[in-house]
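Asks: The structure is given below, and queries will be raised subsequently.
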Amino acid sequence: MSENGIGKPVKRREDRRFLTGRGRYTDDLRMENQAYAAFVRSPHAHARVSGIDAAAALEQEGVIRVLTGPELVADGIGNIITGWAITSKDGAPMKVGDWSALATDRVRYVGDAVAVVIAETRQGARNAAELVEVSYEELPAVARGDRALQPGAPQLHDVAPGNLVFDWEIGDAAATDAALAAAATVVELSLENNRLAPNAMEPRSAVAVHDPAEDHYTLYTTSQNPHVARLVLSAFYQVAPEHKLRVVAPDVGGGFGSKIYIYPEEITCLWAAMKTGRSVKWTSERNEAFMTDAHGRDHVTTARMGFDEGGRITGFKVETIANLGAYCSLFATATPTYLYATLLSGQYDIPAIHANVKAAYSNTVPVDAYRGAGRPEATYLVERMMTTAARQMGMEEAELRRRNFIQSFPHQTPVIMCYDAGDFPGNLDKAMAAADVAGFPARRAEAAARGMLRGLGYSCYIEACGIAPSKAVGALGAGVGLWESAEMRVNPVGTIEILTGSHSHGQGHETTFAQIVADRFGVPIESISILHGDTDKVQFGMGTYGSRSGAVGMSAIVRAMDKVEAKVRRIAAHLLDGAPEDIVIEDGQARLPGTNRSLAWHEIGLAAYTAHDLPEGMEPGLKETAFYDPVNFTFPAGTYICEVEVDPQTGVVRIVQFTAADDFGTVINPMIVEGQVHGGVAQGIGQALLEQVVYDEAGQLLTGSYMDYCMPRADDVPFYTITHNATVCPGNPLGMKGCGEAGAIGSPPAVINAVTDAIGTNDLSMPATPMKVWQALAGARAPAAAE
Amino acid sequence: MTEVNLTVNGRRVRRDVPDAMLLVEFLREELRLTGTHVGCDTSQCGACLVHLDGRAVKSCATLAAQASGGTVVTIEGIAGDELHPMQKAFNDHHGLQCGYCTPGMVMSGIDMVKRYRAAGRELTEAAIRAELEGNICRCTGYHNIVRSIRAAAAEM
Numbered sequence: 001m002s003e004n005g006i007g008k009p010v011k012r013r014e015d016r017r018f019l020t021g022r023g024r025y026t027d028d029l030r031m032e033n034q035a036y037a038a039f040v041r042s043p044h045a046h047a048r049v050s051g052i053d054a055a056a057a058l059e060q061e062g063v064i065r066v067l068t069g070p071e072l073v074a075d076g077i078g079n080i081i082t083g084w085a086i087t088s089k090d091g092a093p094m095k096v097g098d099w100s101a102l103a104t105d106r107v108r109y110v111g112d113a114v115a116v117v118i119a120e121t122r123q124g125a126r127n128a129a130e131l132v133e134v135s136y137e138e139l140p141a142v143a144r145g146d147r148a149l150q151p152g153a154p155q156l157h158d159v160a161p162g163n164l165v166f167d168w169e170i171g172d173a174a175a176t177d178a179a180l181a182a183a184a185t186v187v188e189l190s191l192e193n194n195r196l197a198p199n200a201m202e203p204r205s206a207v208a209v210h211d212p213a214e215d216h217y218t219l220y221t222t223s224q225n226p227h228v229a230r231l232v233l234s235a236f237y238q239v240a241p242e243h244k245l246r247v248v249a250p251d252v253g254g255g256f257g258s259k260i261y262i263y264p265e266e267i268t269c270l271w272a273a274m275k276t277g278r279s280v281k282w283t284s285e286r287n288e289a290f291m292t293d294a295h296g297r298d299h300v301t302t303a304r305m306g307f308d309e310g311g312r313i314t315g316f317k318v319e320t321i322a323n324l325g326a327y328c329s330l331f332a333t334a335t336p337t338y339l340y341a342t343l344l345s346g347q348y349d350i351p352a353i354h355a356n357v358k359a360a361y362s363n364t365v366p367v368d369a370y371r372g373a374g375r376p377e378a379t380y381l382v383e384r385m386m387t388t389a390a391r392q393m394g395m396e397e398a399e400l401r402r403r404n405f406i407q408s409f410p411h412q413t414p415v416i417m418c419y420d421a422g423d424f425p426g427n428l429d430k431a432m433a434a435a436d437v438a439g440f441p442a443r444r445a446e447a448a449a450r451g452m453l454r455g456l457g458y459s460c461y462i463e464a465c466g467i468a469p470s471k472a473v474g475a476l477g478a479g480v481g482l483w484e485s486a487e488m489r490v491n492p493v494g495t496i497e498i499l500t501g502s503h504s505h506g507q508g509h510e511t512t513f514a515q516i517v518a519d520r521f522g523v524p525i526e527s528i529s530i531l532h533g534d535t536d537k538v539q540f541g542m543g544t545y546g547s548r549s550g551a552v553g554m555s556a557i558v559r560a561m562d563k564v565e566a567k568v569r570r571i572a573a574h575l576l577d578g579a580p581e582d583i584v585i586e587d588g589q590a591r592l593p594g595t596n597r598s599l600a601w602h603e604i605g606l607a608a609y610t611a612h613d614l615p616e617g618m619e620p621g622l623k624e625t626a627f628y629d630p631v632n633f634t635f636p637a638g639t640y641i642c643e644v645e646v647d648p649q650t651g652v653v654r655i656v657q658f659t660a661a662d663d664f665g666t667v668i669n670p671m672i673v674e675g676q677v678h679g680g681v682a683q684g685i686g687q688a689l690l691e692q693v694v695y696d697e698a699g700q701l702l703t704g705s706y707m708d709y710c711m712p713r714a715d716d717v718p719f720y721t722i723t724h725n726a727t728v729c730p731g732n733p734l735g736m737k738g739c740g741e742a743g744a745i746g747s748p749p750a751v752i753n754a755v756t757d758a759i760g761t762n763d764l765s766m767p768a769t770p771m772k773v774w775q776a777l778a779g780a781r782a783p784a785a786a787e
Numbered sequence: 001m002t003e004v005n006l007t008v009n010g011r012r013v014r015r016d017v018p019d020a021m022l023l024v025e026f027l028r029e030e031l032r033l034t035g036t037h038v039g040c041d042t043s044q045c046g047a048c049l050v051h052l053d054g055r056a057v058k059s060c061a062t063l064a065a066q067a068s069g070g071t072v073v074t075i076e077g078i079a080g081d082e083l084h085p086m087q088k089a090f091n092d093h094h095g096l097q098c099g100y101c102t103p104g105m106v107m108s109g110i111d112m113v114k115r116y117r118a119a120g121r122e123l124t125e126a127a128i129r130a131e132l133e134g135n136i137c138r139c140t141g142y143h144n145i146v147r148s149i150r151a152a153a154a155e156m
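Protein chains in written order, with our numbering: chain A, 1 to 787; chain B, 1 to 156.
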């Protein structure tokens, strides 16, 4: 095996430019003739726009143009779309309200864009935006999803009476009700999954260039999927036809889902570039990011789980209200349905499941997929339920989980998914050993002697990744296929370029994708380039989200390598006077065993391009393209164990140990995979203890900066203990499952289960701030005091 | 407009800039040193951290005019032909993912190692974590950043 091959912790090839300040992010770019955009945003959660007076702004020196919604509509720029059609349980289609990139007559959340100022300088544009006078007639607002669905709530969209986007169900209601009615024990749980702001450290940015000579547009933008951006900008927003639009996502500083979507600002910059004849740049400020980047989570759920006398689950019934915010963002409708309720079986053999999800409009930032996207919400519910049930039934929680684990594969759940492989008891064993669960009672006693409350929490998560088989998701309402493309170019000198539709914004694709090529052909990793993020270079692709770049993106590369290898075999067989099937390709050469004849990799490339002596009928060149469509989702799974200490005097929670045992299938680069888990776990710890987007009753955003929204800092998190327990995924050529989201999916219930274990009460919501923990402790103490 | 004179990464520069121009804007827009980043607007994320007269400062909270006469070192100015030990440690220990917070992390790491050494104090794991209070990373969970700084401290 090559030293840079599969399974090796190869140091990242992309690091050097980032470490020396030579990364090339969107805001680093400067175009000829560049002007700057600043948006005029609604300060109200809900209002009619009765007039816009831009006179004072236009008088400012350096202001080029002020553009508004009615002009955008008049120019034929289409409404922002949502990409997944959900059908309500009564058969009605979902109700999608119009969303214009610039509001025309009504604003529906604080931050909704009303107008844009184009000016010579960034500061000039911002100052002028302050001078645009918008006349608003305020309307009543509602910020919570559950309240939005109540009678009498303020109404957001005429097309959606009662603010109901859809009322969807999955599973067998009658069977589940019967199972619960017959259960020996029924455990009930109500909880909320807190609204989060993704907070990629690089704020969103766009630079739009219009070339009037060719009527051609280029958009440089902070995108996780530039190809989909081009498709949507072209086909739906009518900015320009695809062959007249290039989208480039250069270095992108984190995404976590928030950079999947095509937002009003990118659309407006492209349109404004055409209107003004200038290149137009916009870069979000952090406070702008809090009120425009799609938020994540925001579920309110009640659930009941039934058990027989032996502690085996008999049924699971779930009612969830998902707050989608003011408009339906691109994946917003898929996230609380097919990415959420299809994972409600967790790692457990549950005979009957029924889930009902109502999606609500509210006067808040649109909510969409954020690291995990639906699967963290499912995991949080299932794993808090399991811990609650164990406590209620007086069982060891590891034993309760073990008793219900799915043990044979494939396993068809009652909620669509068919799990293909896994070793759930093995994951649990590995995590318990690594976390030294056996030594926990002694550690708890030692902490108690110091006046501290120590707790241990489990989470056995499963997720569906490798998104996704196109035919299957098409049948469920997806507007696109979810394959991936790859192209392998072998140059005449033997160097290799891999063009991929995946996009790296921190995942290290320039290293890991090169590893699988080096591994396959034994060529030096230095001779391999990975190209991505430019629609002029890569033909098409679906981008990076849903932990899909390994299982889907790398599978496409494998398919392209298969085709290249087949041609290399034929060329080598011809030149070495052998049969193609006898050729051995390794160590960067093709050789014919049993002879001393071989061709170096560059000789093969040269032969393919000089074409002086190729097999009869063979086309010159050595370049192959593959489109890979997965046969199934993949199912990464694992066990996380969190150990905390709570200071009962202050309610402060300290995470003293966090242990992961993950099954990601084949691991290409363990260093990078562990890094993905570290980051995901920190985000999950953030959700569990620190983070929450807060709106007041009037829909004002109270957490609009890092002064108010608590991001995890280095001293909020521990060193993590990461272990692997791989079962190979049978569904793709490398056996990969995906690792990007697991940390964020699995960790919140582990943390909360640990805290509730420490404080002895199950009634605790995220984020478990010191005040909440202290109050929970006070509440737990109060009945004892009254006795 | 204000005249600003600075030595940046060993090079003397002079510009007439708006009075309110921030040091980070001066570096990024006037000098095109785009390795110094802006990640927030409340001086908390530390992506803009540079060294001014040997001290770590947030260049988003410093006026260019305030810095005038001073010596600035940015991420572009710490490596010679070889990477600085802090840069190398971040590569060795996978201390970066998307790279956006990285320049600030590296500059913060160098600063804390120097300060602790000058004060004769040990830069423990807990100290590194506490010192990183003003640097936010969303990708790494800090695990490998702390390891990187600890490793670099042994090499510097």
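For glycine and all other residues, C-beta sits at the position ideal for the given N, C-alpha and C.
(1) Let's see if you can read the secondary structure: which residues bound the beta strand (DSSP E) around A:N356?
(2) Do the CB positions of A:G311 and A:R403 come within less than 8 Å of each other?
(3) Would B:A61 pass as an interface residue toward chain A - the criterion being a Cβ-Cβ separation below 8 Å?
(4) Run through DSSP, which three-state label would A:P93 get?
(5) Label A:K471 either buried or exposed according to how many other C-beta atoms from any shown protein chain fall within 10 Å of its C-beta, with 16 as the threshold for buried.
(6) Excluding sequence positions up to five away, which residues of its chain have a Cβ less than 6 Å from the Cβ of B:I110?
(7) Could you give the first and the last residue of the continuous alpha helix (DSSP H) run that contains A:G269?
(8) Any Cβ of chain A within less than 8 Å of the Cβ of B:G109?
(9) Which of the residues in the region 695-713 of chain A, read from start to end, lie with their CB under 7 Å from any CB of chain B?
(10) Determine which residues share a DSSP beta bridge with A:H295 and list them.
(11) By alpha-carbon positions, which one of A:A115, A:V280 and A:T500 ends up nearest to A:P226?
(12) Let me see if you follow: with CB-CB separation under 8 Å, is B:F90 close to chain A or not?
(13) Relative to chain B, which residues along the region 13-28 of chain A have a C-beta separation below 9 Å, given in chain order?
(14) Please classify A:D177: does DSSP put it in a helix, a strand, or coil?
(15) Between B:G10 and chain A, is any beta-carbon pair separated by less than 8 Å?
(16) Check the Cβ-Cβ distances between B:V146 and every residue of chain A, and say whether any is below 8 Å.
(17) Tell me the DSSP secondary structure of A:I496 in three-state form.
(18) Identify whether A:H532 lies in helix, strand or coil by the three-state DSSP scheme.
(19) With DSSP run on the structure shown, which of helix, strand or coil describes A:I745?
(20) Check the Cβ of B:T140 against every Cβ in chain A and list those closer than 7 Å, keeping chain order.
(21) Excluding the 5 residues preceding and the 5 following A:G704 in the sequence, name in chain order all residues of the same chain whose CB lies nearer than 7 Å to its CB.
(22) Using a Cβ-Cβ distance cut-off of 8 Å, determine whether A:Y720 contacts chain B.
(23) Grouping DSSP H, G and I as helix and E and B as strand, with all else coil, what is A:I672?
(24) If you follow the alpha helix (DSSP H) that A:Q123 is part of, which residue opens it and which one closes it?
(25) Taking buried to mean at least 16 other C-beta atoms within 10 Å of its own C-beta, is B:M1 buried or exposed?
(26) Between which residues of its own chain and A:A785 is the CB-CB distance below 6 Å, once the five residues before and five after are set aside?
(27) Terminal residues of the continuous beta strand (DSSP E) containing A:E645?
(28) Taking 8 Å as the threshold, find out whether the region 678-691 of chain A comes into contact with the region 2-21 of chain B through three or more Cβ pairs.
(29) Can you give me the start and stop residues for the alpha helix (DSSP H) that A:F521 sits inside?
(30) Roughly how many angstroms separate the alpha carbons of A:A294 and A:A373, rounded to a whole number?
(31) For B:A79, go through chain A and note every residue whose CB falls closer than 7 Å to its CB, in chain order.
(32) Would you list the residues sitting across from A:M736 in a DSSP beta bridge?
(33) Taking the beta carbon of A:G494 as the centre, do at least 16 other beta carbons fall within 10 Å, making it buried, or is it exposed?
(34) Leaving aside the five residues before and after A:A626 along the sequence, list all residues of the same chain whose C-beta is less than 6 Å from its C-beta, in chain order.
(35) So the beta strand (DSSP E) A:S705 belongs to, where does it begin and stop?
(36) My output table needs one value for B:G104: the three-state DSSP class, helix, strand or coil.
Replies: Inspection of the coordinates gives the following:
(1) I353 to Y361
(2) yes
(3) no
(4) strand
(5) exposed
(6) M86
(7) In the sequence as displayed, the identity of residue 269 of chain A is Cys instead of Gly. Counting along the chain, the alpha helix (DSSP H) containing A:C269 begins and ends at P264 to T276.
(8) no
(9) S705, Y706, M707, M711 and R713
(10) A:V367
(11) A:T500
(12) yes
(13) E14, D15, R16, R17, F18, L19, T20, G21, R22, G23, R24, Y25, D27 and D28
(14) helix
(15) no
(16) yes
(17) strand
(18) coil
(19) helix
(20) G675, H678 and G679
(21) N287, F290 and M291
(22) yes
(23) helix
(24) R122 to L131
(25) exposed
(26) A caution first: A:A785 carries a pLDDT of 46, below 50, which makes its placement in the model unreliable, though a value can still be read off. Around A:A785: no qualifying Cβ.
(27) A637 to V646
(28) no
(29) H509 to F521
(30) 12 Å
(31) T20
(32) A:G665
(33) buried
(34) A486, A556, R559 and A560
(35) Where A:S705 is concerned, there is no enclosing beta strand (DSSP E), given that its DSSP letter is neither H nor E.
(36) helix
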